[in-house]
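Novice: Sequence positions in the sequence shown follow the working numbering and run 13 to 292.
Sharing a structure below in structure tokens format, with a few things to ask.
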Amino acid sequence: MAVAGAAAADSGNVVGQKMYNAAATYLGKNPVVWGRYFYTYTQNGTVFPYYDPSTENTFFSDNSLRLLPITGVSAQGPHLSGGSYTTGYNDAQNNLFAVLEALGDDAEFFPCVIPPGGTGCTHWTAFALDCEDSSGPVTVSVEYLHGWLVGMADGVQDRNGVTLYGWSGVYNSADNCGTWDSVVSCSQEFGIAPKFIWTSGYPGSPYAGNPSDTPPWNTDNDCNTEDSCGIALGQSTVLWQYYGDATVSGSSSLIDLDQGNPNLDFATALSNYCPVPVVS
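Okay, structure coming up:
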């Protein structure tokens, strides 16, 4: 049985055909978006879990697979809980430079979108702030989150002076209440909020029992993302990671399984902002 919404996956491992095929089997249809990790451009193509442009650009391009960048847990995670506005801002800028460099240092290789309320087409990449360190979920400070969101909104310039903007998102476990508090505080105090919400797990049952069991969309996500925390964000979840570390036959790689909100236009909420790498 296929997932109700858009099919998606994410991984620390470099994406190849075996992983893609396994995800398609689990999800019941081909994934349209795949999350991969970035920190600064110096990590690109180096070690787990960072994106490897030398192989993945071609794979993503050949499969018309959209890339969803995620912040690196081991390198960036230690900044989250006590980080300042400046640290968050600088990390966001480094994150954007990392994905820009990986895809050719040309903003015109990224989607040109007129965002809600916008008046012209500008170049964007989605980017999810992973609210974890190497030990697990952490409470992201309001100051760090504020800086990171502003750094994404300001964007960075490519080699030709064209700006690439960040369509910012927060990836957080459903019961990590401290971070959801920070999201609300950031919105109320500074008037800035993530463009999309990506949750993992849900109250009472963090993951499905079997990766082949595709659970129905968790309707708690539609009006009050964090029902277990009693916190209303004022926006619905766009992406839900319902299973972690699904195995891949004949490989040591692991994949996380995600589904888009079937009650939203997934393209305008997220996937339109996820680039397909251009390979000449």
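Beta carbons: idealized from backbone N, C-alpha and C, even for Gly.
Here the structure is a predicted model, which is why all the values come from computation and not from measurement.
Rounded to the nearest angstrom, what separates V195 and V111 at their Cα positions?
Specialist: Looking at the two C-alpha atoms, the distance is approximately 24 Å.
Novice: Under a Cβ-count criterion, where at least 16 other Cβ atoms within 10 Å of its own Cβ denotes burial, should V59 be classed as buried or exposed?
Specialist: So V59 ends up on the exposed side.
Novice: Specify the secondary structure class of T52 as computed by DSSP and reduced to three states.
Specialist: Of the three classes helix, strand and coil, the one that applies to T52 here is coil, per DSSP.
Novice: By DSSP's criteria, D22 is part of a beta bridge. Which residues make up the other side?
Specialist: Per DSSP, G47 and D268.
Novice: On a Cα-Cα basis, can you pick out the residue from G178, V44 and S86 that is closest to Y62?
Specialist: Considering only alpha carbons, the answer is S86.
Novice: What are the residues that DSSP puts in a beta bridge with A87?
Specialist: A87 is not bridged to any residue.
Novice: Would you list the one or two residues that DSSP bridges to A281?
Specialist: Bridge partners of A281: none, in fact.
Novice: Which of the three DSSP states is assigned to Y183 in this structure?
Specialist: Three-state result, Y183: strand.
Novice: The beta strand (DSSP E) with G256 in it runs from where to where?
Specialist: Run containing G256: L251 to T259, per the beta strand (DSSP E) assignment.
Novice: Please report the Cβ distance between G40 and A14, rounded to the nearest whole angstrom; I am assuming they are in contact, meaning their Cβ atoms lie under 8 Å.
Specialist: The Cβ separation is near 3 Å, so the contact holds.
Novice: Would you identify the three-state DSSP class for G140, choosing helix, strand or coil?
Specialist: The residue asked about is misnamed: residue 140 is Ala in this sequence, not Gly. Strand at A140.
Novice: Between the alpha carbons of G24 and Y49, how many angstroms are there, rounded?
Specialist: Cα-Cα distance, rounded: 7 Å.
Novice: So, helix, strand or coil for P228, using DSSP?
Specialist: Coil at P228, not helix or strand.
Novice: Whether or not the segment 261-279 and the segment 103-121 are in contact is what I'm after, with contact meaning three or more pairs of Cβ atoms, one per stretch, closer than 8 Å; do they touch?
Specialist: The segment 103-121 vs the segment 261-279: no contact.
Novice: Excluding the five sequence neighbours on either side, which residues of its own chain have a C-beta within less than 6 Å of the C-beta of T52, listed in chain order?
Specialist: For T52, where only same-chain residues beyond five positions count, the Cβ hits under 6 Å are N106 and A110.
Novice: Taking the C-alpha atoms as reference points, what is the distance between G181 and G47?
Specialist: C-alpha separation (whole angstroms): 12 Å.
Novice: Which stretch, first to last residue, makes up the beta strand (DSSP E) that contains F7?
Specialist: There is no way to answer for residue 7, as the model of the chain reaches only from 13 to 292.
Novice: Can you look up Q169 in the DSSP assignment and give me helix, strand or coil?
Specialist: Here Q169 sits in strand by DSSP.
Novice: Can you say whether A244 is buried or exposed, counting buried as having 16 or more other CB atoms within 10 angstroms of its CB?
Specialist: Looking at its Cβ environment, which holds fewer than 16 other Cβ atoms inside 10 Å, A244 is exposed.
Novice: Please classify D117: does DSSP put it in a helix, a strand, or coil?
Specialist: D117 falls in the coil class under three-state DSSP.
Novice: With DSSP as the reference, label M13 as helix, strand or coil.
Specialist: DSSP places M13 in coil when its eight states are reduced to three.
Novice: Measuring only the C-alpha atoms, how far is S224 from L282?
Specialist: Distance between the alpha carbons of S224 and L282: 25 Å.
Novice: Cutting at 6 Å between CB atoms, please list the residues of its own chain near I82, excluding the five before and the five after it.
Specialist: For I82, where only same-chain residues beyond five positions count, the Cβ hits under 6 Å are G47, Y49, A140 and D142.
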